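Everything below concerns the one structure shown next.
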Amino acid sequence: MIEANELPGVPDAFQRLWTPHRMAYIEGDHKPQDSSSDGCPFCDAQKLSDEEGLIVFRGDACFVVMNLFPYNSGHILVLPKRHIPLYTDLTESERHEFGEITAHAMKVLAKATGCQGHNLGMNQGSVAGAGVAAHLHQHIVPRWAGDANFFPIIAQTKAIPQLLENQRQILVNVWETV
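Each residue of the sequence shown is one higher than the one before, starting from 924 at the first, in the working numbering.
Next comes the structure, spelled out in structure tokens:
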């Protein structure tokens, strides 16, 4: 067996954290090929059971789902049920429900996770960074003091301590109590 220090290259002081599961995101897994609702992961999630689709809550016009590639544990998305790309495409009643669900979800996350703050964000269009630009979605990311350690800054890696299924169930359990 050849020892690593015998292989070509210059050793450096960096530790390596291999995250091969991130290749699914990098290679565009679950991203639609066009702007139609065919293959849209958010439209497809609505056709599944809440457990299979990782859906936390279903409203009349909007719903909440776990983010498959979370920045922090508890990272969720608020979406309209309709396949529309922009916030300005929401009807007045959809916009109202979208906002009310967002406010409620923030309270749920605070109670369920003990987070001390939230980041809210919508990237409108692929040039603005939207991963699935054809279906409007708003990120709600719970935040804690000190949660931005060296991993994301130096290694572009986030340590997520809880499985999505487990986090989803906690949020579902808290949803009706808030």
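Don't be surprised by glycine CBs; every beta carbon is placed ideally from N, CA and C.
Treat the numbers as computed from the prediction; the structure is a model and nothing was measured.
Proximity below 8 Å, CB of residue i to CB of residue j
i: residue 1007; j: residue 979; result: no
i: residue 1027; j: residue 1064; result: no
i: residue 1056; j: residue 1048; result: yes
i: residue 1058; j: residue 966; result: yes
i: residue 987; j: residue 968; result: no
Rounded straight-line distance, which links the Cα of residue j to that of residue i
i: residue 1033; j: residue 1053; result: 26 Å
i: residue 1062; j: residue 1002; result: 9 Å
i: residue 1090; j: residue 996; result: 7 Å
i: residue 1100; j: residue 1039; result: 19 Å
i: residue 982; j: residue 1068; result: 32 Å
i: residue 1087; j: residue 1018; result: 27 Å
i: residue 1024; j: residue 985; result: 8 Å
i: residue 1096; j: residue 1031; result: 9 Å
i: residue 992; j: residue 1015; result: 30 Å
i: residue 1029; j: residue 961; result: 30 Å
i: residue 1098; j: residue 1043; result: 19 Å
i: residue 1093; j: residue 1004; result: 23 Å
i: residue 1051; j: residue 994; result: 18 Å
i: residue 1084; j: residue 1066; result: 14 Å
Span of the alpha helix (DSSP H) around residue i
i: residue 1101; result: Element bounds for residue 1101: n/a, residue is neither H nor E.
i: residue 965; result: 964-969
i: residue 973; result: 973-976
N- and C-terminal bounds of the beta strand (DSSP E) containing residue i
i: residue 992; result: Element bounds for residue 992: n/a, residue is neither H nor E.
Taking only runs that begin and end inside the region 1000-1063, name each unbroken alpha helix (DSSP H) of 4 or more residues, in chain order.
-> The region 1000-1063 contains these whole alpha helix (DSSP H) runs: 1015-1036.
Cβ contact check for the region 967-982 and the region 1009-1016: 3 or more pairs under 8 Å = No, because fewer than three Cβ pairs between the region 967-982 and the region 1009-1016 fall closer than 8 Å, the two stretches do not touch.
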